[in-house]
Amino acid sequence: MIRKILIEDGGILYLTDCLPLLRQLLARGEKAAAILTKENRGEDFTGLAYAVERVDELEPADFIRLYRRLAGLPWDILETERCRLRELTEGDVDRLYEIYAEPSITRYMEGLFGDREEERRYMADYRRYVYEFYGYGIWGVEERQSGLLIGRAGLEPRDGEVELGFVIARPWQRMGYGYEVCQAVLTYADREIECDRILSRVRPANTASKSLLHKLGFYRIKESDGEGMETYEYRKKRGTGHTKLTCS
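As structure tokens, then:
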């Protein structure tokens, strides 16, 4: 069986349960993934990046995301009234250095690497080992009106837990962007991420972030850890997260 799916940007995604045919498609440079069936589960999936089950249950957005992953393109995650969240790429690194050049940004958090090329390598690894493996991570925050990257926010896998992280560039602070974006991230997590709770770690002196966490529904569960951080917890409203793409 083979399915040919037209993607909005003119691309074509192929899905097939025939692994030899799949390898031929990939060798030609096509964007293609395996369909998992009872018959082929025992076959050799070595070198195949993605496989899907229950194809008829997938939505158009799932096919677009699979195509973009195979093409090495970033995912669009969600939109709010004023912002769009998407995966970051190496092309965003220079803008991140502009944001982090403001001293107040790194007052309570780590900065970027001193070497921009090292930061780009880190970003490439993050895309491969976090975005592609988990399906989530810390995303870029774009202002929809200007298209400018104004910060980062998202969900970080850490020691078996999921942590909320966020930073908004100085000119956009105290305008409600942090709450708007983080509230949308938590709603996304309620629907899409399989975990019971979300944590966030902040410096005790970071009163602005602590106030935001309280507003979002977080509660402090640990006053200080070995790194001098307070830990806050958010209990998910629904445990219905799901993963539709499988890494082979």
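To convert, take the position in the sequence shown, counting from 1, and add 213; that gives our numbering. Positions of the beta carbon are idealized from the N, C-alpha and C atoms, including for glycine.
| Check | Outcome |
| --- | --- |
| Kindly provide the ranges of any alpha helix (DSSP H) runs that are 4 or more residues long and lie completely inside the region 270-301, ordered along the chain. | 273-283 |
| What is the C-beta distance between Thr293 and Ala397, in whole angstroms, given that I count them as a contact (C-beta under 8 angstroms)? | 5 angstroms |
| Once the 5 residues before and after Ile218 are set aside, which same chain residues still bring their CB inside 6 angstroms of it? | Leu226, Phe276 |
| Compute the Euclidean distance between the alpha carbons of Ile351 and Ala245, then round it to the nearest angstrom. | 27 angstroms |
| On the premise that Ile381 lies in contact with Gly364, defined as a C-beta separation below 8 angstroms, what is that separation, rounded to the nearest angstrom? | 4 angstroms |
| Return yes when the Cβ of Glu332 is within less than 7 angstroms of the Cβ of Leu325, no when it is not. | yes |
| Just list the alpha helix (DSSP H) runs in the region 365-416, keeping only unbroken ones of 4 residues or longer that don't cross its boundaries, in chain order. | 390-405 |
| Check whether the region 374-394 touches the region 403-413, taking contact to mean three or more Cβ pairs, one atom from each stretch, closer than 8 angstroms. | yes |
| With DSSP collapsed to three states, give me the class of Ile312. | helix |
| So Leu238 is in the alpha helix (DSSP H); what residue range does that whole segment cover? | 232-240 |
| Can you tell me which of the three DSSP states Thr319 falls into? | helix |
| Assuming the contact rule is C-beta atoms closer than 8 angstroms, Lys449 and Asp409 should be a hit. Round their C-beta distance to whole Å, please. | 6 angstroms |
| I'd like the list of long-range same chain contacts for Leu239, defined as Cβ closer than 6 angstroms, with 5 residues on each side in sequence excluded. | Ala245 |
| Just the C-alpha distance for Arg320 and Leu261, rounded to the nearest angstrom, thanks. | 43 angstroms |
| Can you say whether Glu311 is buried or exposed, counting buried as having 16 or more other CB atoms within 10 angstroms of its CB? | exposed |
| Within its chain, find whatever has a CB closer than 8 angstroms to the CB of Glu330; leave out the 5 residues flanking it on each side and keep chain order. | none |
| Here's a check: name, in chain order, each residue in its chain whose Cβ is nearer than 6 angstroms to the Cβ of Tyr386, leaving out the five neighbours to either side. | Correcting the residue identity first, residue 386 is Gln in this sequence and not Tyr. For Gln386, where only same-chain residues beyond five positions count, there are no Cβ hits under 6 angstroms. |
| So, for Glu256: in the same chain, excluding its five sequence neighbours on each side, which residues have a beta-carbon less than 7 angstroms away from its beta-carbon? | Leu232 |
| Per DSSP, which residues does Ile177 bridge with? Please list them. | The shown model of the chain, from 214 to 461, leaves out residue 177, and the question about it has no answer. |
| Helix, strand or coil for Glu339 per DSSP? | Here residue 339 turns out to be Tyr, not Glu, going by the sequence shown. Note: Tyr339 maps to helix in three-state DSSP. |
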